[in-house]
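S.K.:
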Amino acid sequence: MRGNIEQARKIFDMALLSTEAATEELRKKVPILYFWDPSVIALLFALSFEWDKVGSDNRIHSLFERALADDKLQKSVLLWRCYLAYEAEIACNASAARRVFFRAIHACPWSKRLWLDGFQKLSSILTLKELSDLQEVMREKELNIRTDIYEILLQDETDT
1 MRGNIEQARK
11 IFDMALLSTE
21 AATEELRKKV
31 PILYFWDPSV
41 IALLFALSFE
51 WDKVGSDNRI
61 HSLFERALAD
71 DKLQKSVLLW
81 RCYLAYEAEI
91 ACNASAARRV
101 FFRAIHACPW
111 SKRLWLDGFQ
121 KLSSILTLKE
131 LSDLQEVMRE
141 KELNIRTDIY
151 EILLQDETDT
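Read in my numbering, the sequence shown has 6 at position 6, and its numbers run on one by one without any break.
What follows is the structure, encoded as structure tokens:
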């Protein structure tokens, strides 16, 4: 019985090592496939290999920046939202999140969801004047919100 358990453990260990090796091999090939035919789905797939890796911040930034350098991906609202969420919530880099937000609304000024993401994620970073100015720009672009930004900020302050 003990011999069977040892043999099963060895097989399990070998299978685990094989799976890790296959995952690492796929991790290396996905960016190559992504750069051969750029798409948001391929980028998200490539990023999924990097999220939980320690010290992969530079690689994640590089993947996002290379994607945004592509003309057809530069107008992707989903890509910008993911990048903003990464900087604001995962990397916790306020200045980078701010830069990404302003680049995003410059690239996709028609996306109301992108503007609202910026208000939500950066409300503690941007000043009231900046938030007010951004709301005015939204109105000029006919991206209306149902309530005034000051009401939202006052509600957030009373909640905390």
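Glycine included, each C-beta is placed from N, C-alpha and C at the ideal position.
1. Are the beta-carbon atoms of methionine 138 and tryptophan 110 separated by less than 8 Å?
2. If you draw a straight line from the alpha carbon of arginine 103 to that of phenylalanine 45, how long is it in whole angstroms?
3. Quick one: using the 10 Å Cβ neighbour count with 16 as the cut-off for buried, is tryptophan 80 buried or exposed?
4. Is the CB-CB distance between leucine 68 and lysine 121 below 8 Å?
5. From the DSSP output, in three-state form, read off cysteine 108 for me.
6. Quick check on the burial criterion: 16 or more other C-beta atoms within 10 angstroms. Buried or exposed for valine 54?
7. Pick out the complete alpha helix (DSSP H) segments inside the segment 47 to 79, 4 residues or longer, and give them in chain order.
8. Can you tell which of Glu89, Lys75, Phe119 and Pro38 has the C-alpha that lies nearest to the C-alpha of leucine 131?
9. Ignore the nearest five residues each way along the sequence and tell me which others in serine 56's own chain have a CB closer than 6 Å to its CB.
10. Please report the distance separating the alpha-carbon of alanine 88 from that of serine 39.
11. Using only CA atoms, which one of Gln135, His61 and Glu136 lies nearest to valine 100?
12. May I have the straight-line CA-CA distance separating lysine 75 from histidine 106, to the nearest angstrom?
13. Just verifying my parser: in three-state terms, what is the DSSP assignment at isoleucine 90?
14. Go ahead and label leucine 128 buried or exposed: buried means 16 or more other beta carbons lie within 10 angstroms of its beta carbon, across all protein chains shown.
15. Rounded to whole angstroms, what's the CA-CA distance from glutamate 142 to lysine 112? Just pull it up for me.
16. Considering Cα atoms alone, identify which of Leu43, Gln135 and Cys82 is closest to leucine 63.
17. So, for arginine 59: in the same chain, excluding its five sequence neighbours on each side, which residues have a beta-carbon less than 7 Å away from its beta-carbon?
M.R.: Reading off the structure:
1. Within the sequence shown, numbered from 1, the residue matching residue 138 stands at position 138. Within the sequence shown, numbered from 1, the residue matching residue 110 stands at position 110. No. Outside cutoff.
2. Within the sequence shown, residue 103 is the residue found at index 103, counting from 1. Within the sequence shown, residue 45 is the residue found at index 45, counting from 1. Looking at the two C-alpha atoms, the distance is approximately 23 Å.
3. For the purposes of this step, residue 80 is identified with residue 80 of the sequence shown, where counting begins at 1. With 16 or more other Cβ atoms within 10 Å, it is buried.
4. Here residue 68 corresponds to residue number 68 of the sequence shown, with the count starting at 1. Here residue 121 corresponds to residue number 121 of the sequence shown, with the count starting at 1. Contact flag unset, no.
5. Within the sequence shown, residue 108 is the residue found at index 108, counting from 1. Looking at cysteine 108 - three-state DSSP - the assignment turns out to be coil, as it is neither helix nor strand.
6. As a working mapping, residue 54 is identified with position 54 in the sequence shown. Valine 54 should be labelled exposed.
7. You should have 57 to 69.
8. Within the sequence shown, residue 131 is the residue found at index 131, counting from 1. When each option's Cα is compared against that of leucine 131, the closest is Phe119.
9. Position 56 of the sequence shown holds residue 56. Closer than 6 Å at the Cβ level, and outside the excluded window around serine 56, lie Glu50.
10. Here residue 88 refers to the residue found at position 88 of the sequence shown. Here residue 39 refers to the residue found at position 39 of the sequence shown. So the two alpha carbons sit approximately 23 Å from each other.
11. If you number the sequence shown from 1, residue 100 lands on position 100. Of the candidates Gln135, His61 and Glu136, the one whose C-alpha sits nearest the C-alpha of valine 100 is His61.
12. Stepping through the sequence shown from its first residue, residue 75 is reached at position 75. Stepping through the sequence shown from its first residue, residue 106 is reached at position 106. Going by the C-alpha atoms only, they are around 10 Å apart.
13. What you label residue 90 is simply residue 90 of the sequence shown in a count that begins at 1. Isoleucine 90: helix per DSSP, three-state reduction.
14. Here residue 128 refers to the residue found at position 128 when the sequence shown is read from its first residue. Only exposed fits leucine 128, as fewer than 16 other CB atoms lie within 10 angstroms of its CB.
15. Stepping through the sequence shown from its first residue, residue 142 is reached at position 142. Stepping through the sequence shown from its first residue, residue 112 is reached at position 112. Distance from the CA of glutamate 142 to the CA of lysine 112, rounded to the nearest whole angstrom, comes to 10 Å.
16. Within the sequence shown, residue 63 is the residue found at index 63, counting from 1. Nearest C-alpha to leucine 63: Leu43.
17. The residue labelled residue 59 in the question sits at position 59 within the sequence shown. So the list reads Glu50, once near-sequence residues are dropped.
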